[in-house]
Each structure stands twice: as structure tokens, then as C-alpha cells.
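This report concerns only the one structure given below.
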């Protein structure tokens, strides 16, 4: 909780886009707002937006305007790094002129150059660390076009686990989305982060990947976001990411 030099809580909620000040005041009176794990109902409460942890209906909100949380659809042929000493196209090229103040960004979830799809970028180091750490088991979902007709029972086999050269891997979910002669479109969800894990896994069971797109990281989904495009995460998405990793 901040001292008298802080900012009024209802103003912070309004500036964060949660609600108008009048609605924010009602939310505070109704006991829906917590500051540093304590329910606050007093209208005169002041907080430090850079230090206070604020939750609305149990979901943490971002009130520090120095924090950056972005979703990018990495195109095929682009590397996931923020810079490349060999001059190859990389994610850093896309954000170089679009992030205010050139803040230090961490990318969450690398993708190989041949894979399209969702990457998260943030300058919030602890959030990035937890999202990438296997102990938090944040799921990632992929759509893979594979060679061949996928038989019934493959999903159970993948859920039971497949032994790769660097250890076993199990999927959290697997489904056949579509099929045409000679190819199948499958959806794979897992919380593994090893290099080229989806390609290696599917090749191991006899279904080499032709095309691969990551569509989801935890609660954040790619949706209809175009390759190469960047968007700012919503308060709801950021709050769900915090919740997923216990922040």
C-alpha cells in the first residue's frame, strides 16, 4: 500500500482501462479490488502504480505503464532472436521502431525459422522467466500439417509418451482437425519447450511435419493475427498469464 504521495486507486484503475472512475469507485466499495493481497474499500486509498500489486475480481492488472506485453505472429523465414549477428531477418527487426523507449524485451517461446506463429514479448523479466520455465507447465498449442493419414489411436500413444534421444515427451492433447489425400492437419498441445519438439515428436511416430504454426501460449491465442503483425496484450490476457504462473 502506498503513502499519501501515491495515486488514488480509482484513478489508477481508470487509467489502466479497467473502468471509468465512477465505476471503479463502485468496484472498490463492493470489495472487488485488492491491493497487495488486502481487499480495499476506502475511497481515499492511494497506491504506487510501479510497486503495488492490484487485483480486480482476483485477476491481477497491469498499472505500470513502463511494462510492455506484446503478441507477435512470427512469419516463416524469420528468426526468434531480438538481433542476429549474421544479418538474418529476426523478431527484433519487427519491434525496433514500434516499442517506445527501446525497452529490453524478452521473447517467450522460441520458434525455429521454418515455423510460423505466436511469440510473446515482454520487458517483465519475472513473468518471462516463469512462462518459459517447465515447472509452471504453461501449455502451447500448434497446428501441424503432416504427411500421411493419421490413424485412430495415435493421440493415446502421444499422451502416453514417446521416447526421443533427449528424453521422453508427452502431449497434453492431440486431435485430427482435417484430412485430405496424403496429408492431415493435427492440433497438438504440450508444455514442453525443447528445440523443435513438435517436429521431432511427429517425425518419430512416422508423420513428418510439412507446415507448423503455433496458435496459443497459455491463455493467449493467435486468432486472425497476420504474419508479421504485433499487438498489445489486453488486461485480461495479461492477468490470465499472471495467474497461470502464480504472480
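Residue numbers (the UniProt record's numbering): 1 to 247. We put the beta carbon where it would ideally sit given N, CA and C, even for glycine.
With 16 other Cβ atoms within 10 Å as the buried cut-off, status of residue i
i           : result
residue 41  : exposed
residue 166 : exposed
residue 69  : buried
residue 124 : buried
residue 181 : exposed
residue 212 : buried
residue 51  : exposed
residue 116 : buried
residue 163 : exposed
residue 208 : exposed
residue 160 : exposed
residue 205 : exposed
Residue closest to residue i, alpha-carbon to alpha-carbon, out of the options
i           : options            : result
residue 219 : 80, 174, 141       : 141
residue 107 : 130, 85, 87        : 130
residue 154 : 172, 137, 138      : 172
residue 120 : 74, 89, 93, 135    : 74
residue 210 : 32, 228, 192, 114  : 114
residue 43  : 235, 11, 17        : 11
residue 14  : 5, 38, 65, 77      : 65
residue 118 : 229, 247, 245, 246 : 229
residue 122 : 95, 222, 168, 243  : 95
residue 188 : 216, 223, 204, 168 : 216
residue 227 : 5, 234, 214        : 214
residue 112 : 90, 133, 105       : 90
residue 193 : 67, 137, 237       : 137
Pair within 9 Å by beta-carbon distance, residue i and residue j
i           : j           : result
residue 240 : residue 59  : yes
residue 190 : residue 151 : no
residue 7   : residue 34  : no
residue 83  : residue 110 : no
residue 232 : residue 71  : yes
residue 9   : residue 54  : yes
residue 145 : residue 183 : yes
residue 179 : residue 135 : no
residue 177 : residue 143 : yes
residue 18  : residue 61  : yes
residue 186 : residue 203 : no
residue 16  : residue 235 : yes
For residue i, three-class secondary structure by DSSP
i           : result
residue 155 : helix
residue 71  : strand
residue 89  : coil
residue 142 : strand
residue 230 : strand
residue 40  : coil
residue 173 : strand
residue 168 : strand
residue 96  : coil
residue 196 : coil
residue 111 : coil
residue 245 : coil
residue 209 : strand
residue 79  : strand
residue 1   : Confidence in residue 1 is poor, its pLDDT being 49 and thus under 50, which makes the residue's placement too unreliable to answer from.
residue 135 : helix
residue 14  : helix
Cross-strand partners of residue i (DSSP beta bridge)
i           : result
residue 55  : 34, 60
residue 147 : 183
residue 214 : 117, 142
residue 178 : 185
residue 221 : 216
residue 163 : 168
residue 47  : 7
residue 202 : Residue 202 is not bridged to any residue.
residue 122 : 69, 106
residue 190 : 140
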